[in-house]
Amino acid sequence: VQKVPTASTAPKGAAKPPAATKAGGTGAPRRQAWDLKGKVSDMEGKIRNYQTKVRSVNEENELLKGSVAQSRNRLSDLQWMKLSVQESTVTRLQTSLTNAQEEVRTLKETVVEQKDELHAGEMERRRLHNMIQELK
Numbered sequence: 001v002q003k004v005p006t007a008s009t010a011p012k013g014a015a016k017p018p019a020a021t022k023a024g025g026t027g028a029p030r031r032q033a034w035d036l037k038g039k040v041s042d043m044e045g046k047i048r049n050y051q052t053k054v055r056s057v058n059e060e061n062e063l064l065k066g067s068v069a070q071s072r073n074r075l076s077d078l079q080w081m082k083l084s085v086q087e088s089t090v091t092r093l094q095t096s097l098t099n100a101q102e103e104v105r106t107l108k109e110t111v112v113e114q115k116d117e118l119h120a121g122e123m124e125r126r127r128l129h130n131m132i133q134e135l136k
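For the sequence shown, position 127 matches number 127 in full-length UniProt numbering, and the numbering has no gaps at all.
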């Protein structure tokens with residue numbers, strides 16, 4: 001037995017109720033106005049989804065706060081170390097400067113003493129030279 005196709009006057013799919021229509025072409029399908037349980041279920045799903053996202057963001061926020069605190073502590077430690085190194089460098093350079101200034105003072109005194117000795121020696125040489133000239 002073969003079934004003979006017959007033409008229908010009803011549009012195709014007219015016997016089926018529309019399952020879902022999309023709002024704006026994106027997102028989840030919209031429910032019928034009478035499907036309140038479905039809408040509540042959808043909203044509860046969205047709430048759970050948002051709560052999960054909030055928890056995730058809060059966890060990430062806490063991790064970032066911890067990271068910021070660690071970075072601040074590290075920065076503080078590095079600044080303290082830098083200050084300590086600078087202070088020791090300043091102390092070392094001040095000691096070096098003081099030693100160099102003392103050496104310069106000592107050398108100047110030596111130069112003055114040697115000039116005095118040279119002058120005294122030159123005066124003695126002239127006196128002796130003059131004595132020799134007188135004896136000739």
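For glycine and all other residues, C-beta sits at the position ideal for the given N, C-alpha and C.
Remember, predicted model here, so these are calculated numbers, not experimental data.
Within 7 Å, strictly: CB atoms of residue i and residue j
i: residue 31; j: residue 39; result: yes
Alpha-carbon to alpha-carbon, residue j and residue i
i: residue 132; j: residue 126; result: 10 Å
i: residue 42; j: residue 51; result: 14 Å
i: residue 98; j: residue 107; result: 14 Å
i: residue 112; j: residue 105; result: 11 Å
i: residue 124; j: residue 109; result: 22 Å
i: residue 128; j: residue 93; result: 51 Å
i: residue 85; j: residue 114; result: 43 Å
Same chain, Cβ closer than 8 Å to residue i, five either side skipped, listed in chain order
i: residue 73; result: none
Contact set for residue i: own chain, Cβ-Cβ below 6 Å, skip 5 residues either direction
i: residue 34; result: none
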